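Student: Mind looking over this structure? Questions follow.
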Amino acid sequence: MRAFVNHPLTVPVALGLLALVARLVPTPRVIDDAYITFRYARNILAGIGFVYNPGERVLGTTTPLYTLLMAALAFVLRTDNYPWLALGVNAVADAITCALLVTLGERLSGQRRVGIAAGLLWAVAPMSVTFAIGGMETSVFIMLMMATYVMYMSPRPRSITPISASLALLTRPDALLFVGPIVLDFVARSIRRKAPTSDLRPLTSSLLVFLLPLLLWAIFATLYFGSPLPHSIAAKVAAYRLPPDAALVRLIQHYGTPFFDQLVLGRFWPLAGFFVYLLLFVIGSLSFIRRDSRAWPLVAYPILYFAAFSLANPLIFRWYLAPPLPMYFIGIIGGIEKIGGDAASALRKPGVAAWAVRAASAGFMLLSLNAWTLHPDHGPDRPAPQMAWHQLELLYERVGRELAPEVDRQTTIAAGDVGALGYFSGARILDTVGLMSPEATAYYPLPASDYVINYAIPADLILDRRPEYVVILEVYGRNTLLRNPRFAAEYALIEIIPADIYGSEGMLIFHRKDSE
2 MRAFVNHPLT VPVALGLLAL VARLVPTPRV IDDAYITFRY ARNILAGIGF
52 VYNPGERVLG TTTPLYTLLM AALAFVLRTD NYPWLALGVN AVADAITCAL
102 LVTLGERLSG QRRVGIAAGL LWAVAPMSVT FAIGGMETSV FIMLMMATYV
152 MYMSPRPRSI TPISASLALL TRPDALLFVG PIVLDFVARS IRRKAPTSDL
202 RPLTSSLLVF LLPLLLWAIF ATLYFGSPLP HSIAAKVAAY RLPPDAALVR
252 LIQHYGTPFF DQLVLGRFWP LAGFFVYLLL FVIGSLSFIR RDSRAWPLVA
302 YPILYFAAFS LANPLIFRWY LAPPLPMYFI GIIGGIEKIG GDAASALRKP
352 GVAAWAVRAA SAGFMLLSLN AWTLHPDHGP DRPAPQMAWH QLELLYERVG
402 RELAPEVDRQ TTIAAGDVGA LGYFSGARIL DTVGLMSPEA TAYYPLPASD
452 YVINYAIPAD LILDRRPEYV VILEVYGRNT LLRNPRFAAE YALIEIIPAD
502 IYGSEGMLIF HRKDSE
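With our numbering applied, the sequence shown covers 2 to 517.
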């Protein structure tokens, strides 16, 4: 029994099993954007092509690798249950991530307990669980990132694990924020190491392996879509209206509450927490770099992520907040380990650091579990993170199922949230944000007076394109469509579904009068 407990794989396997259970218990609670990926994958398998709408070659997804993975697994397993398929993939990916965190934390700090604490916290972290059960690519992306980190910090650094780094970029383009510094560090070290012999063949071969998948995708995407860059990036920039500091404020709140501390410590904690956790992270990061200078690209990632998104100021969707957290966790725990180690030396009590890490980890664990609920107020009545909110998706699913018998692939439905609606209706979708419908981008930006929240649907877009159905939250059209006399003349309101989401007065379903 003792040999089993002390086996080096026991803890990583236990953490992986905990991660699996924490994701399988809530069951799928799919996020709207995940349904976009599922529809792309379904169309690939149906022979329609890598498209959202048949005949429209638009790269509206930012995660081509995850889309192809979903299609491939659905084909192999002979299933079209994409929500459960994605949950299974994501649960396994997060289980692997927890095991990788044990190794990474030990390599960075020299103490296995740092990695164990990070893996334990990630296993139940609401930010991690929510997007795993939400069907997003986040879990696979973070797994690839952690695999790249672990291999880069291996005792015999031979490469930057070019395949995992390349696949991460094909999973999400913002992987450049962590891949870029590693590539720079690897190239610089390789040149210095090989300078006397001028033998750069290992460097060249690693870079070729890294670049080959990216080059193949770029060629295919350019020929097929016209560009390797997702159209959704430009569309979101054009469509949403935000204060200039919106992303900065949101990220300060996020970095100040990595364990959902505000639920216990109150609404004034996030700013204080930002400085507390940042200090711990910096202390831990500096200790990692002193131990091994190769750590700098790893600890730089949360900082680069914060800076890049603050400056770009996009609308921060919830899943944007997850990627920097695993490395942030390790840095925070590493900071506590360093402070505890210094105290142990000063007090001549060697157990101080271990107890400090254990106590902090227990506290962070309790804070994270406090952000779960045993009985969510919507969806399956099973324990889940409170932030695993998908009420809007359930409304669109209802509408999609209601409209499915009335529409076909040629029928056009216009909407601002297109994932669940498009997936369940099967109709052609006019995406008023423009992710899948590039023609919508020309109608932005709108005057400030058209916005009630950060998004509004242009009336001219609907009147010019004349979709058969329009499905919107009332707040999206309050100052545009609903005040336009021509829209009122051409479209009939056929259903109102009560909903106060984003301050709306319901979900509205319109039908074009001359198409009845």
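By construction, the Cβ of each residue, glycine as well, lies at the ideal position given by its N, Cα and C atoms.
Here the structure is a predicted model, which is why all the values come from computation and not from measurement.
Tell me where the alpha helix (DSSP H) around residue 117 begins and ends.
Tutor: 113-125
Student: CB-CB under 6 Å to residue 298, same chain, minus the five flanking residues each way: which ones, in chain order?
Tutor: 182, 183, 186
Student: Is the CB-CB distance between residue 472 and residue 408 below 8 Å?
Tutor: no
Student: Please classify residue 146: does DSSP put it in a helix, a strand, or coil?
Tutor: helix
Student: Mapping the DSSP letters down to three states, classify residue 1 as helix, strand or coil.
Tutor: Residue 1 falls outside the range modelled here, since the chain spans only 2 to 517, and no answer is possible.
Student: Cβ of residue 387 versus every heavy atom of the ligand ZN: is any distance shorter than 7 Å?
Tutor: Within the structure as shown, the ligand ZN is missing, as the structure has no ligands at all.
Student: Using only alpha-carbon positions, find the residue among 235, 171, 109 that is nearest to residue 1.
Tutor: Any answer about residue 1 is impossible in this case: the structure gives the chain only from 2 up to 517.
Student: Kindly confirm or deny that the region 111-118 and the region 37-47 touch, where touching means at least three C-beta pairs closer than 8 Å.
Tutor: no
Student: What residue range does the beta strand (DSSP E) around residue 472 cover?
Tutor: 470-474
Student: Under 6 Å Cβ to Cβ from residue 238, same chain only, skipping five residues before and after it: list those, please.
Tutor: none
Student: Would you tell me roughly how many angstroms separate the C-alpha atoms of residue 514 and residue 492, rounded to the nearest one?
Tutor: 5 Å
Student: Could you check what DSSP says for residue 175 in three-state terms: helix, strand or coil?
Tutor: Look at residue 175 here: in three-state DSSP terms it is helix.
Student: Among the candidates 496, 19, 502, whose CA atom is the shortest distance from the CA of residue 477?
Tutor: 502
Student: Report the option in 143, 179, 231 whose CA atom is closest to the CA atom of residue 438.
Tutor: 231
Student: Closest by CA to residue 441, which one among 417, 140, 310, 428?
Tutor: Answer by Cα proximity: 417.
Student: Helix, strand or coil for residue 343 per DSSP?
Tutor: helix
Student: Going by Cα to Cα distance, which pick from 37, 286, 21 is closest to residue 54?
Tutor: 37
Student: Where does residue 495 sit, in a helix, a strand or coil, going by DSSP?
Tutor: strand
Student: Looking at the unbroken alpha helix (DSSP H) that takes in residue 432, where does it start and where does it end?
Tutor: Looking at the DSSP string, residue 432 is not in any alpha helix (DSSP H); the run it does join, the beta strand (DSSP E), is 429-432.
Student: Would the beta-carbon of residue 368 fall within 8 Å of that of residue 269?
Tutor: no
Student: Helix or strand or just coil, what does DSSP make of residue 390?
Tutor: coil
Student: Around the C-beta of residue 410, are 16 or more other C-beta atoms found within 10 angstroms, so that it is buried, or is it exposed?
Tutor: exposed
Student: Using only CA atoms, which one of 243, 329, 428 lies nearest to residue 449?
Tutor: 243
Student: Could you work out which residue in 252, 341, 366 is closest to residue 312 when comparing CA atoms only?
Tutor: 252
Student: Which residues in the same chain have their Cβ closer than 7 Å to the Cβ of residue 51, if we skip the five residues on either side of it in sequence?
Tutor: 41, 45, 225
Student: Helix, strand or coil for residue 317, going by three-state DSSP, please let me know.
Tutor: coil
Student: Considering only C-alpha positions, which residue in the set 506, 273, 167, 322 is nearest to residue 215?
Tutor: The candidate whose alpha carbon is nearest that of residue 215 is 167.
Student: Secondary structure at residue 96, three-state DSSP: helix, strand or coil?
Tutor: Reduced to three states, the DSSP call for residue 96 is helix.
Student: Does the Cβ of residue 276 have 16 or more other Cβ atoms within 10 Å, making it buried, or fewer, making it exposed?
Tutor: exposed
Student: For the beta strand (DSSP E) containing residue 415, list its first residue and its last residue.
Tutor: Here the beta strand (DSSP E) through residue 415 covers 413-416.
Student: How would you label residue 228, buried or exposed, when you count the other beta carbons within 10 angstroms and need 16 or more for buried?
Tutor: Its Cβ having fewer than 16 others within 10 Å, residue 228 is exposed.
Student: If we count the other Cβ atoms within 10 Å of its Cβ and call it buried at 16 or more, is residue 510 buried or exposed?
Tutor: buried
Student: Cα-Cα, which of 324, 241, 334 is closest to residue 281?
Tutor: 334
Student: Residue 74 CB to nearest chain C CB: under 8 Å?
Tutor: The displayed structure is made up of one protein chain only, and chain C is not part of it.
Student: Run the CB neighbour count on residue 350, radius 10 Å, all protein chains shown included, and call it buried at 16 or more, exposed below.
Tutor: exposed
Student: Taking the CB atoms as reference points, tell me whether residue 259 and residue 326 lie closer together than 8 Å.
Tutor: yes
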